[in-house]
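Step one of this worksheet: look at the structure below.
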Amino acid sequence: TSPSTPVVAEPTTTTSETPSPSTSTATPTSPKITTPTRPVPSTPSVSVPITVRTTPTPTPTIGLSTNSTSSPLTSPTWSISTGTSMSTATQITCCILNDTYYGPGDVVYNGTHGDYCYFVNCSLDCKFEIFNWSCPSTPQPTQSPTPTRPTTPSKPTTPKPPIPEPTTPKPPIPEPTTPKPPIPELTTPSSGCPDFVPPRQENETWWLCNCTMAVCKHDNTVEIFEKVCDPPPKPVCSNGLNPVWVLDPDGCCGHWECDCYCTGWGDPHYTTFDGLYYSYQGNCTYVLVEEISPTVDNFGIYIDNYHCDVNDKVSCPRTLIVRHETQEVLIKTINMAPMKVQVLVNKQAVALPYRKYGLEVYEAGINYVVEIRELGVLVSYNGLSFSIKMPYNKFGNNTKGQCGTCTNTTADDCMLPSGEVISNCEIMADEWVVNDPSKPHCPHSSFTTKAPSVTKPGVATPPPGCNPSPLCELIKGSLFAECHQYAPPQHYYDACIFDSCFVPDSGMECASLQTYAALCAHEGICVNWREHTHGICEVTCPAHREYKACGPAKEPTCHPDEPLDNRTMEGCFCPEGTINFAPGVDVCVQTCGCVGPDNVPREFGERFEFDCKNCICLEGGSGIVCEEKLCAQTKPQECPEEGTYLVTEVDPSDTCCNRTYCKCNTSLCGTKLPVCELGFELKTQIVPGKCCPVHTCEAKGVCVLDGAEYKPGSPVHSDKCQECVCTERVNSSTQLNIISCNHVPCNISCKPGFELVKVPGQCCPKCEQTHCVGVDALGPVIPGEMKKDPQNNCTIYSCMKLQDQLISSVSEITCPDLDLGSCQPGTIKLMDNGCCKTCTYRNETRVPCSTVPSREVISVGKCRKEMLINHCAGACGTFARYSEEAQSMDHRCSCCKEVRTSRRVVDLDCVGGGTLAHEFTYIESCECQDTVCDIPLTRGRKGPQSRSRRALPRPRS
Numbered sequence: 004t005s006p007s008t009p010v011v012a013e014p015t016t017t018t019s020e021t022p023s024p025s026t027s028t029a030t031p032t033s034p035k036i037t038t039p040t041r042p043v044p045s046t047p048s049v050s051v052p053i054t055v056r057t058t059p060t061p062t063p064t065i066g067l068s069t070n071s072t073s074s075p076l077t078s079p080t081w082s083i084s085t086g087t088s089m090s091t092a093t094q095i096t097c098c099i100l101n102d103t104y105y106g107p108g109d110v111v112y113n114g115t116h117g118d119y120c121y122f123v124n125c126s127l128d129c130k131f132e133i134f135n136w137s138c139p140s141t142p143q144p145t146q147s148p149t150p151t152r153p154t155t156p157s158k159p160t161t162p163k164p165p166i167p168e169p170t171t172p173k174p175p176i177p178e179p180t181t182p183k184p185p186i187p188e189l190t191t192p193s194s195g196c197p198d199f200v201p202p203r204q205e206n207e208t209w210w211l212c213n214c215t216m217a218v219c220k221h222d223n224t225v226e227i228f229e230k231v232c233d234p235p236p237k238p239v240c241s242n243g244l245n246p247v248w249v250l251d252p253d254g255c256c257g258h259w260e261c262d263c264y265c266t267g268w269g270d271p272h273y274t275t276f277d278g279l280y281y282s283y284q285g286n287c288t289y290v291l292v293e294e295i296s297p298t299v300d301n302f303g304i305y306i307d308n309y310h311c312d313v314n315d316k317v318s319c320p321r322t323l324i325v326r327h328e329t330q331e332v333l334i335k336t337i338n339m340a341p342m343k344v345q346v347l348v349n350k351q352a353v354a355l356p357y358r359k360y361g362l363e364v365y366e367a368g369i370n371y372v373v374e375i376r377e378l379g380v381l382v383s384y385n386g387l388s389f390s391i392k393m394p395y396n397k398f399g400n401n402t403k404g405q406c407g408t409c410t411n412t413t414a415d416d417c418m419l420p421s422g423e424v425i426s427n428c429e430i431m432a433d434e435w436v437v438n439d440p441s442k443p444h445c446p447h448s449s450f451t452t453k454a455p456s457v458t459k460p461g462v463a464t465p466p467p468g469c470n471p472s473p474l475c476e477l478i479k480g481s482l483f484a485e486c487h488q489y490a491p492p493q494h495y496y497d498a499c500i501f502d503s504c505f506v507p508d509s510g511m512e513c514a515s516l517q518t519y520a521a522l523c524a525h526e527g528i529c530v531n532w533r534e535h536t537h538g539i540c541e542v543t544c545p546a547h548r549e550y551k552a553c554g555p556a557k558e559p560t561c562h563p564d565e566p567l568d569n570r571t572m573e574g575c576f577c578p579e580g581t582i583n584f585a586p587g588v589d590v591c592v593q594t595c596g597c598v599g600p601d602n603v604p605r606e607f608g609e610r611f612e613f614d615c616k617n618c619i620c621l622e623g624g625s626g627i628v629c630e631e632k633l634c635a636q637t638k639p640q641e642c643p644e645e646g647t648y649l650v651t652e653v654d655p656s657d658t659c660c661n662r663t664y665c666k667c668n669t670s671l672c673g674t675k676l677p678v679c680e681l682g683f684e685l686k687t688q689i690v691p692g693k694c695c696p697v698h699t700c701e702a703k704g705v706c707v708l709d710g711a712e713y714k715p716g717s718p719v720h721s722d723k724c725q726e727c728v729c730t731e732r733v734n735s736s737t738q739l740n741i742i743s744c745n746h747v748p749c750n751i752s753c754k755p756g757f758e759l760v761k762v763p764g765q766c767c768p769k770c771e772q773t774h775c776v777g778v779d780a781l782g783p784v785i786p787g788e789m790k791k792d793p794q795n796n797c798t799i800y801s802c803m804k805l806q807d808q809l810i811s812s813v814s815e816i817t818c819p820d821l822d823l824g825s826c827q828p829g830t831i832k833l834m835d836n837g838c839c840k841t842c843t844y845r846n847e848t849r850v851p852c853s854t855v856p857s858r859e860v861i862s863v864g865k866c867r868k869e870m871l872i873n874h875c876a877g878a879c880g881t882f883a884r885y886s887e888e889a890q891s892m893d894h895r896c897s898c899c900k901e902v903r904t905s906r907r908v909v910d911l912d913c914v915g916g917g918t919l920a921h922e923f924t925y926i927e928s929c930e931c932q933d934t935v936c937d938i939p940l941t942r943g944r945k946g947p948q949s950r951s952r953r954a955l956p957r958p959r960s
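Following this note's numbering, the numbering of the sequence shown begins with 4 at its first residue and continues without gaps.
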């Protein structure tokens, strides 16, 4: 190996402002050896070679460590010739060690440790640089240690002083001594530099640091010089973009390159890596970029297009696919307005920002970016357009697909998969179809079944009669004038005209404006063009963000984890005065405190509760420190109330804690429901503070009668003789409504002979004939009653019932003829009827009809009794005579018969001494009563016609 990489020790004070290439630094307490980085020189510089020679000298007592003790070191003195010398009086204070000040380029130490030589100087950027290498084994002469700058080469010696151990105290300040000339030892010069590790041949070169090269001259003499760079002229990029400066592999010099930059937008229009413009309306999945000769495992970029108009004439990008090694990224458009994009990695949805295996996916403004830093690849997609940027030094002359060949010439951009170059890129684009099972209409061979519409390269021909959108004029107008010299606008203008004609009123022309503005931003020119589109191309941002035409591609955050990125992109950014909290956390904060999983910004020292923990936002560490929340609660032992039981559940007032309490379960309530009487209903009430419902029978507000309920105002059917209605009035004792009744009005007068009689089932009595009406003097005659005319006893009025009707009749008593001359004087009298007369005839000796007592024996079985019993006996008037009036025989027959009887009970004496009550009829009175006369038959023949009658004797005058 060459002399070791310098170890640069930071001085305690730096006053120099001289810029220098960056090197790794270490404090004097613990120097650290790292590989220095090399900057990109803006202007290559040329410096004078520095010749380094070694001269053995005694080592001064100089320490770079902070040991409390310092061992003496012997060091060869290095002579550095720069063609000029600097007076110590004019030195700039730059490095400080042990209170000694050194200027830029001053030698601080030059000595050996064991078999290694060390050289320390103060660099141009005011840092201690330490070099070491293997020293040749030559005896060390004994001289007074004096740092010198000899100009003649001498052979280095290899004394072996003890190696100092690092300590914390400052090293002792070297005391000045009087220098003495060294006494070189005569040896045979050797070719090359054999004492270096590894040994170097004569004229062999190797890199030290900061574009400094060492050359072995001879006899262990090394010449050091900075590399001279001859910058090449800037080339002209065929895609119209500015070339970029690229470092050479040595990191010192560089050259210009034209990066590979391919874009696609609209429906869709393409600009290849080399700037060739064409339009292509295929609706399959196609190869945008693949390597001709693969240098990266499984690398490729693909586009999935679909027809986005009703006529299937134009296409739009739907999904961008990036493959790199083991990962496949899909950026898929879910919805266009508002824009919604889903990112899948290996068919699994991921959150942004995503980083894995050298591949990153993140949001940059309105764009979704896939970045592969190792390759320098940047792929951007926003639903309307895509862009692919790749470094020429890694992909130049090695790309194929719809984006072309990246050779800085458009002559070979239309290359087919077979390697053949044709003149029409539309036909070329059709052959880069990818077999996609989700699109059965797409071919699985090299050509599609139907070639898409083809336009001339670079020319968009609008259909006849088309009136292009005035927005397209913005591209070629003064709004983008500053960008025209860096990014030619014609392709984007032609695409805008094409889109506004073929897909009118769709806002598709915004894609051309957006893509051209992004290209201008890539060239460092910001154009706020959307405010000139009258809302047609407006971007709507969330409420907590605002639109910026040129915001940072990677928005600054409170926790930056990315190097500074100077790219700008349009999109929605945190407002002025706020900053995005962290990558992937969509929260804008005014102060960089903490943001937890709830996306709520917190200030340092703020206490809050989250996820059932008491948290505090602290500066430093993980930021948010949480501890479990303590819950305190008194747990009941039992639940005395009916229907309740112990339960433990989340406390609704504090969802972080559980609570144990008596919970109500009405199914556990054992209360028997009451049976309500008619007119009452069951009311169930939930009483606050009680578990089980309270059941009561409450009046319905109705009337009740005979098992029926009546609402207020409705008629109540109770008695036909009453008209009743249910009232609103309530009986305070029964809680039922009161029924009010009035009797039905009835007719209370009847005509003579009729009386009011109650009729079962009727509310009113009816007039029913109860007697016959005769002579006023007689009064009413009841049925079966006979009344004599008070003026004439021979006239009898009677009332009889015939077919439910009472009929009055008048009868005249016909008295029997009475021969008053035959009567015994003084015997003429009225008969019992008061009409007819009777008498005792002179020749009549008969006993009149009357009761005649006689003793009779009444026996029933073996019981009998003798007692006095009446019977009827006596003569009655009976005759037969011829009636001249009737011309027949007139008979009158009368019998002595009982008139009034009664039922009597007699105790019969029975054999054996007992008695038997026996009821019999007793004749109270007897009287002659008319009867029908039976005419006896004579000799079996009927006698002459005769008339029999029952009549009272007509009164005789």
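Don't be surprised by glycine CBs; every beta carbon is placed ideally from N, CA and C.
Cβ atoms of residue j and residue i: under 8 angstroms apart, would you say?
i, j, result
"V348", "V332", "yes"
"K442", "T288", "yes"
"G682", "E731", "no"
"A556", "A367", "yes"
"Y550", "N245", "no"
"G756", "P783", "yes"
"C475", "I500", "yes"
Could you check where the alpha helix (DSSP H) with residue i kicks off and where it finishes?
i, result
"F501", "Q493 to F505"
"F398", "Y395 to F398"
"C486", "A484 to H487"
If you count every other CB in all the chains shown that lies within 10 Å of the CB of residue i, and 16 or more means buried, which is it?
i, result
"T46", "The predicted position of T46 is uncertain, since its pLDDT is 36 and thus under 50; no value can be drawn from it."
"V914", "exposed"
"E579", "exposed"
"A217", "buried"
"T298", "exposed"
"R605", "buried"
Sort out for me which residues DSSP pairs residue i with in a bridge.
i, result
"M870", "E859"
"V542", "In the DSSP output, where bridge partners are listed per residue, V542 has none listed."
"T275", "DSSP, once it has assigned bridges, lists no residue as partnering T275."
"R845", "Note: R845 sits in no beta bridge, so no partner."
"N734", "In the DSSP output, where bridge partners are listed per residue, N734 has none listed."
"R326", "G303 and E331"
With DSSP run on the structure shown, which of helix, strand or coil describes residue i?
i, result
"D433", "helix"
"Y519", "helix"
"I478", "helix"
"E579", "coil"
"L739", "coil"
"P473", "helix"
"E815", "strand"
"D102", "coil"
"A524", "helix"
Which residue comes first and which comes last in the beta strand (DSSP E) that contains residue i?
i, result
"K551", "E549 to P555"
"S801", "N795 to L805"
"C983", "The requested residue 983 does not occur in the structure, where the chain is confined to residues 4 to 960."
"K359", "Y357 to K359"
"C263", "C263 to W268"
"R906", "S891 to C913"
"L381", "V380 to Y384"
"N661", "D657 to C667"
Please confirm whether residue i has its beta-carbon closer than 8 angstroms to some beta-carbon of chain D.
i, result
"T215", "Considering every chain present, this structure includes no chain D. It has just one protein chain."
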